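Residue numbers for the sequence shown follow the working numbering, so the first one is 626 and each next one is one higher.
Cβ atoms here follow ideal geometry from the backbone N, Cα and C, with glycine treated the same way.
All figures in this text were calculated on a predicted structure; none of them were measured in a lab.
Single-structure report; data block below.
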Amino acid sequence: MKKQIQIVFLFLAAVCFSMAAQAQTIVSGTVKSKASGETLSAVSVSIKGTTKGTFTDDKGNFKISVDKFPVVLVVSSVGFEDYEISV
Numbered sequence: 626m627k628k629q630i631q632i633v634f635l636f637l638a639a640v641c642f643s644m645a646a647q648a649q650t651i652v653s654g655t656v657k658s659k660a661s662g663e664t665l666s667a668v669s670v671s672i673k674g675t676t677k678g679t680f681t682d683d684k685g686n687f688k689i690s691v692d693k694f695p696v697v698l699v700v701s702s703v704g705f706e707d708y709e710i711s712v
């Protein structure tokens, strides 16, 4: 049985870039354990329904490019249930 995922998303910033007629937004944040407050590395962060995704770095930070809003980010890690958050 998998543990329930206990991750808190802290969205640090959303930075907008204009590239040739197409707007692109970077969503960034930090993934932390809800129980201990520790940052979590090597956690998968992906956009639901697409193949676009990334992993958190050694400090729990991630950045992912989003073409349009709203999106649902899926956070997953081995031994935990997936966690979804709407942005």
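Which residues DSSP lists as bridging residue i, in chain order
| i | result |
| --- | --- |
| LEU698 | ILE672, ILE710 |
| LYS693 | Bridge partners of LYS693: none, in fact. |
| LYS659 | Paired residue(s): none; LYS659 is not in a bridge. |
| GLY678 | SER671 |
Pairwise C-alpha distance: residue j and residue i
| i | j | result |
| --- | --- | --- |
| TYR705 | THR650 | Residue 705 is actually Phe in this sequence, not Tyr. In a straight line, the C-alpha of PHE705 is about 28 Å away from that of THR650. |
| GLY662 | ASP692 | 31 Å |
| VAL699 | SER690 | 14 Å |
| SER658 | VAL697 | 20 Å |
| VAL640 | VAL670 | Because VAL640 carries a pLDDT of 35, less than 50, the predicted location of this residue cannot be relied on, and the following value inherits that uncertainty. Looking at the two C-alpha atoms, the distance is approximately 18 Å. |
| PHE694 | SER701 | 21 Å |
| GLY654 | ASP682 | 11 Å |
Selection from the options that minimises the alpha carbon distance to residue i
| i | options | result |
| --- | --- | --- |
| LYS684 | ILE710, ALA667, SER702 | ALA667 |
| VAL703 | PHE680, VAL712, PHE687 | PHE680 |
| THR664 | THR675, ASN686, ILE672 | ASN686 |
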